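Participant: Numbering (our numbering), first residue to last: 605 to 733. Quick one: structure below, then a few questions.
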Amino acid sequence: MHSDARQLQPTPDLHVDGARFEPVRMAVLEGHASAGEVLLKPMMVGNDMLLVEIAEKAGVQVPAHSHDDHESVVYLISGRMSLTIGDKTFEAKAGDVWRHPIGVSHSSIALEDCVAIEVKSPPRKTWNQ
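In structure tokens, the structure reads:
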């Protein structure tokens, strides 16, 4: 189990202007280096969830990893990705949604430039710059 250092505090504002968010380059996810440019915008933290915008360039590979302290749901806004979740592999296109259950290994390859929204519950910081 991870320490409480991964727990994020709720955003004090109920509304936030999206233009104020600066992307953060993700170098490491759950201790694994990603291959290629991944930009994150942590946008809103609630008591029980975190909303993050994720932008990946075509060819980015996010290595297999799992989370033992949260689950997430992802909505692909644009692009295409090859995803493996557990023992299932599929191709996601803009408008598709998928879930990363607690403890289930998952990985991805951006087949095109992609933008996605991920909601993590409970809110956890899983990346390092």
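C-beta: ideal position from N, C-alpha, C; glycine also. Being a predicted model, the structure only gives us computed values, none of them experimental.
Hey, quick one: how far does the beta strand (DSSP E) through Thr688 stretch, first residue to last?
Facilitator: 684-689
Participant: Verify whether the separation of the beta carbon atoms of Ala609 and Gly663 is less than 8 Å.
Facilitator: Between Ala609 and Gly663, the gap from beta carbon to beta carbon reaches 8 Å or more.
Participant: Spell out a yes or no on whether the stretch 680-688 and the stretch 644-652 are touching, meaning 3 or more CB-CB pairs, one atom from each, closer than 8 Å.
Facilitator: no
Participant: Could you check if Ala639 is buried or exposed, using at least 16 other CB atoms within 10 Å of its CB as the buried criterion?
Facilitator: exposed
Participant: If you run the structure through DSSP and keep just helix, strand and coil, what is Ala631?
Facilitator: coil
Participant: Of all the options Ser670, Asp673, Phe625, Pro667, which has the alpha carbon lying nearest to the alpha carbon of Val656?
Facilitator: Phe625
Participant: Mind checking whether Ser725 and His674 have CB atoms under 8 Å apart?
Facilitator: yes
Participant: Roughly how many whole angstroms lie between the Cα atoms of Val642 and Cys718?
Facilitator: 10 Å
Participant: Taking only three categories from DSSP, how would you classify Ala637?
Facilitator: strand
Participant: Does the Cβ of Ser682 have 16 or more other Cβ atoms within 10 Å, making it buried, or fewer, making it exposed?
Facilitator: exposed
Participant: Quick one: residues in its chain with C-beta nearer than 8 Å to the C-beta of Val620, no 5 flanking neighbours on either side, listed in chain order?
Facilitator: Setting aside the 5 residues that flank it on each side, Val620 is surrounded in the same chain by Met647, Met648, each with a C-beta closer than 8 Å to its C-beta; the list follows chain order.
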